[in-house]
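Q: After the structure tokens below, expect a handful of questions from me.
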Amino acid sequence: MTAELMTQLGYVLAAGLFIFGLKMLGSPATARRGNMISSIGMLVAIVSALLDQGIVDFTYIAAGMVVGGAIGAIAARAVAMTAMPEMVALFNGFGGAASLLVGWAALSPDSGTFTLVTIVLSILIGGMTLTGSLVAYGKLSETIGSGAITFSGQQIVNSLIVLGIVGGAVMFCMNPTDPTWLYIVIGLALVFGIMAVIPIGGADMPVVISLLNSYSGLAACAAGFAIDNNALIVAGSLVGAAGIILTQIMCKAMNRSLSNVLFSGFASVSNEETVVEGEIKPISVDDAYYVLEAATNVAIIPGYGMAVAQAQHVVKELTELLENNGCEVNFGIHPVAGRMPGHMNVLLAEADVPYDQLLEMDEINPRMETVDVAIVIGANDVVNPAAREVESSPIYGMPVINVADARTVFVLKRSMASGFAGIENPLFYKENTRMLFGDAKESIGGLIREFS
Amino acid sequence: MSGAEYLLFILMLSIFLGFELINKVPATLHTPLMSGANAISGITVVGAVALAGTGNENVAMWLGVGAVTLASINVVGGYMVTDRMLGFFKKKED
């Protein structure tokens, strides 16, 4: 058996393992083994690739793998679960950058037109993924402001960049020996990645991360075409498909189209006077305790604020105390709560909340009427009844968790500032809503002290 | 059958397969799914090793070395962090 055949068969095996691994990721019970199988697939793919006859010097390969592997391992161990979104964004960016470099290195004087087109695509998508992910990282880690950055003429500038990219790409395919066009395409792709992500606000980050995830796969896929490698094409398109589906789910959960998320900053929404009736009714920790003590069914609705306050562990503690008190406790998780898909689930899982206690929006909403107390922790837009009741509201039509249907609603909130989207929330003024002001972690800590 | 049309054929099938696989993943696993998929996108390392091991110390080789390093971060970091996350997911005892 030739080495070439061995390599190809190795790729087939690897692709099978990736597919099997992703399939097992479909259930919490098998997910961990699925991830393991997928990583074995990666190992098989890498070993197969090393059989390549063209490889005469392993020094730099080993050096690159050791350095990269060590950085990845340290980062993966050190990262806090609250910082997961920015970590994923950063890894995404590295994947994109790798595809850009592979596409670039694949360029040879005798490349055919098809290969040249795929080289341009891998450079383009890889470059966009790199800088887009870095901007997303900056926004998520708050190194740069997380708000949408918009300026007049933005659309025109972006259109010019796209035209420049198309023009540069065509010129490059016609004169592949002249590196000038190549550099222009690389430069513009990097700039475009930045321009594409800066107008997107913090609340829309779940969409952006999903999309960048998809891009990193598509970049690998394009690089696979450029170097004629099946493993890259199969694995890349699996990732591309995964990202696209998540993007779709996120958009649906916000009742917005993808183009609406990408091209119109939410921030520009004028605060139309949503006529809010009623008044804010604050509640003290003492009074909140008496209500909870008598409750038999409690639903907790977490949002990004829970991550910011690092309140997931005290939430778990409170849950246990309530359960010992004979109360049923469930969590209602909105698909876009947090800064990435499933962000809340990971945080609560880390705090030892069993996953069967985490209900999706469609599961918890029908039960809401039987809930005695709904506790909203650091969530705002995802529980905003304006989405159902106020037709002029910018989030009208977005599916939300109907906390107002519960007998009593506690909203844990730092102050009266509006949510990321800057939209007034009529929930706070409802008859059955009580506001528990202060840091979520401290408020819950206070409740725990009352219980014990 | 070889060349571009064969590769496009594979592309088409994998995309459909990807849609089918991912559609079934419950929302609670979306973050691990994303970081796990992210690790798979580090597959670029497979293409990069051939470029990094040519032995001629030219631009293409150094680009390949850079790609190996970056993709390794993605692969190792992605799988490890996914494993760490999935380790937290527990079913209710009792």
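First to last, the sequence lines map onto chains Z and A. Per this note's numbering, the first sequence starts with residue 1, numbered consecutively. Per this note's numbering, the second sequence starts with residue 453, numbered consecutively. Glycine included, C-beta positions come from ideal geometry on N, C-alpha and C.
Whose C-alpha, out of A:Lys-542, A:Asp-535, A:Val-533 and A:Val-511, is nearest the C-alpha of Pro-453 of chain Z?
A: Given that chain Z is displayed from residue 1 to residue 452, the structure contains no residue 453 of chain Z and the question cannot be resolved.
Q: So Glu-323 of chain Z is in the alpha helix (DSSP H); what residue range does that whole segment cover?
A: Segment 312 to 324, the alpha helix (DSSP H) holding Glu-323 of chain Z.
Q: Beta carbons nearer than 7 Å to chain A: which residues of the region 127 to 148 of chain Z have them?
A: Answer set for the region 127 to 148 of chain Z: empty.
Q: What residues in its chain sit with their C-beta under 7 Å from that of Lys-441 of chain Z, if we drop five residues either side in the sequence?
A: If we look at Lys-441 of chain Z and ignore the five residues flanking it on each side, its Cβ neighbours are Ala-309, Gln-310, Ala-311 and Val-314.
Q: Does DSSP put Phe-541 of chain A in a helix, a strand or coil?
A: Coil.
Q: Under the assumption that Met-398 of chain Z contacts Asn-255 of chain Z (Cβ atoms under 8 Å), give the Cβ distance between them as a whole number of angstroms.
A: Contact holds; Cβ gap of about 4 Å.
Q: Count Cβ pairs between the region 55 to 73 of chain Z and the region 504 to 522 of chain A that sit closer than 8 Å; are there 3 or more?
A: Taking 8 Å as the limit for Cβ pairs, the verdict is that the region 504 to 522 of chain A does touch the region 55 to 73 of chain Z.
Q: On the three-state DSSP scale, how would you describe Ile-509 of chain Z?
A: Outside the shown range of chain Z, which is 1 to 452, sits residue 509 of chain Z, and nothing can be said about it.
Q: At a Cβ threshold of 9 Å, is Leu-246 of chain Z touching chain A?
A: At least one chain A Cβ lies under 9 Å of Leu-246 of chain Z.
Q: Here's the rule I'm using: 16 or more other beta-carbon atoms within 10 Å means buried, otherwise exposed. How should Gly-395 of chain Z be labelled?
A: A small fix is needed here, since residue 395 of chain Z is Ile in this sequence, not Gly. Label assigned to Ile-395 of chain Z: buried.
Q: Give me the Cβ distance between Gly-145 of chain Z and Leu-212 of chain Z, rounded to the nearest whole Å; I'm assuming they're in contact under 8 Å.
A: Actually they are not in contact, since the Cβ atoms of Gly-145 of chain Z and Leu-212 of chain Z sit about 19 Å apart, beyond 8 Å.
Q: Can you round the beta-carbon distance between Leu-487 of chain A and Val-88 of chain Z to whole angstroms, since I take them to be within the 8 Å contact cut?
A: It should be pointed out that residue 487 of chain A corresponds to Ser in this sequence rather than to Leu. Between Val-88 of chain Z and Ser-487 of chain A the Cβ distance is about 5 Å, and since that is below 8 Å, they are a contact.
Q: Given this structure, state the Cα-to-Cα distance separating Asn-271 of chain Z from Glu-424 of chain Z, to the nearest angstrom.
A: Reliability of the predicted coordinates at Asn-271 of chain Z is poor, the pLDDT of 46 falling under 50, and no value is obtained from them.
Q: Who are the near neighbours of Gly-164 of chain Z in its chain, counting only those whose CB is closer than 8 Å to its CB and skipping five residues on each side?
A: Counting only Cβ-Cβ distances below 8 Å, and skipping sequence neighbours, we find Ile-184 and Leu-188.
Q: Which residues mark the beginning and the end of the alpha helix (DSSP H) in which Ala-189 of chain Z is found?
A: Per DSSP, Ala-189 of chain Z belongs to the alpha helix (DSSP H) from 179 to 197.
Q: Thinking C-beta only, is Glu-328 of chain Z closer than 9 Å to Val-298 of chain Z?
A: Cβ atoms of Val-298 of chain Z and Glu-328 of chain Z: closer than 9 Å.
Q: Any idea if Thr-370 of chain Z is buried or exposed, counting beta-carbon neighbours within 10 angstroms, 16 or more meaning buried?
A: Answer is exposed; the Cβ neighbour count stays below 16.
Q: Could you tell me which residues DSSP puts in a beta bridge with Asn-297 of chain Z?
A: Note: Asn-297 of chain Z sits in a beta bridge opposite Z:Glu-328.
Q: Indicate whether the contact test is met: 3 or more Cβ pairs, each with one atom in the region 96 to 105 of chain Z and one in the region 521 to 531 of chain A, closer than 8 Å.
A: Flag = yes, the region 96 to 105 of chain Z and the region 521 to 531 of chain A touch.
Q: Quick one: which chain A residues come within Cβ less than 8 Å of Asn-213 of chain Z?
A: Simply Met-486, Ala-489, Asn-490 and Ser-493.
Q: Give every residue of the same chain whose Cβ lies closer than 8 Å to the Cβ of Asn-432 of chain Z, excluding the five residues on either side of it in the sequence, and list them in chain order.
A: Answer for Asn-432 of chain Z: Ala-404, Ala-406, Arg-407, Thr-408 and Val-409, listed in chain order.
Q: Quick test of the definition: if touching needs 3 or more C-beta pairs under 8 Å, does the region 12 to 23 of chain Z touch the region 225 to 240 of chain Z?
A: Yes: at least three Cβ pairs fall under 8 Å.
Q: Thinking Lys-413 of chain Z and Val-353 of chain Z are a contact (beta carbons under 8 Å), I'd like their distance in whole angstroms, please.
A: Contact flag wrong, Cβ pair sits at about 22 Å.
Q: Along the beta strand (DSSP E) that carries Ile-375 of chain Z, what are the first and last residues, could you check?
A: That run of the beta strand (DSSP E) goes 373 to 377.
Q: Can you check DSSP and say which residues form a bridge with Ser-410 of chain Z?
A: First, the residue type needs correcting, since residue 410 of chain Z is Phe and not Ser in the sequence shown. Paired residues: Z:Ile-375 and Z:Arg-434.
Q: Chain A beta carbons: is any one of them nearer than 9 Å to that of Met-84 of chain Z?
A: With 9 Å as the cut-off, Met-84 of chain Z counts as an interface residue toward chain A.
Q: Compute the Euclidean distance between the alpha carbons of Leu-469 of chain A and Thr-30 of chain Z, then round it to the nearest angstrom.
A: Rounded to whole angstroms, Leu-469 of chain A to Thr-30 of chain Z spans 19 Å at the Cα level.
Q: Determine, using beta-carbon pairs with one atom in the region 483 to 500 of chain A and one in the region 38 to 56 of chain Z, whether at least three such pairs fall under 8 Å.
A: Touching, yes, given that three or more Cβ pairs across the two stretches are closer than 8 Å.
Q: Is it buried or exposed, Leu-5 of chain Z, if we count other Cβ atoms within 10 angstroms and call 16 or more buried?
A: Classification for Leu-5 of chain Z: exposed.
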